[in-house]
Amino acid sequence: MKTLALLPSVLIGAVASARSMTPMAAIAGARLAHRNTPGRLLLLDHPLFKFGGLAMGVGELFGDKMKSAPDRTVFLGLLARVMSAGIAGSALAPRGREKLGAALAVGTAVPLAYLGLAGRKKAMKRIGQTKSGLIEDVIIVAAGAAVVSWAVGAFDQRR
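In mature numbering (1 follows the signal peptide of the UniProt record, and there is no 0), the protein residues as written are -25 to -1, 1 to 134.
Right, dumping it as structure tokens:
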């Protein structure tokens, strides 16, 4: 199996480092569009996952702009990233390699959360919390959608 087959798992981990719920929202959107993911996870087909993932993704985009929003590296923020990256990384990994996909996504998400926070703090000093957050939102939501679209598209072509 090609090493590049696990690249979507790594990339979705990078997405989770900045927005913990975006990977879940992107996969939920794909599942609502009746697109299959390479990794097999039964929870992906549950309506609560599909609609809950979308709602949490949208809610996070609004919550991030609040002055009271905690840093992404607080315990609960990291826990959300670990869970989201793990589920998404597993879903985007090739069948039979779901555990490795989850581990790669988590291993990417956690350290990048710290690097991303440092970059975001610099951006906030230059252009403010809301503007820097909106720019980050556009980049991360687009990246999440692109990674999931690429992974499910490649999976569909192999079937």
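From the three backbone atoms N, C-alpha and C, an ideal C-beta is built for every residue, glycine too.
C-beta atoms of residue i and residue j nearer than 8 Å
i           : j        : result
Pro(-3)     : Gly82    : no
Gly76       : Leu87    : no
Gly91       : Ala(-8)  : yes
Ala5        : Thr12    : yes
Val85       : Arg56    : yes
Gly108      : Asp39    : yes
Val(-11)    : Ile110   : no
residue 137 : Pro(-18) : Beyond the ends of the chain as shown, which are -25 and 134, falls residue 137; an answer cannot be given.
Inter-residue Cα distance where the pair is residue i and residue j
i       : j      : result
Met(-5) : Ala80  : 14 Å
Val70   : Lys100 : Residue identity check: residue 70 is Arg in the sequence provided, not Val. The straight-line gap from Cα to Cα measures roughly 44 Å.
Ala98   : Tyr89  : 14 Å
Pro22   : Val122 : 22 Å
Gly28   : Leu16  : 15 Å
Met58   : Ala78  : 11 Å
For residue j and residue i, believed in contact at Cβ under 8 Å, the rounded distance
i     : j        : result
Ala60 : Gly(-13) : 5 Å
Ala3  : Lys25    : 5 Å
Leu53 : Asp112   : So it is not a contact: roughly 20 Å between Cβ atoms.
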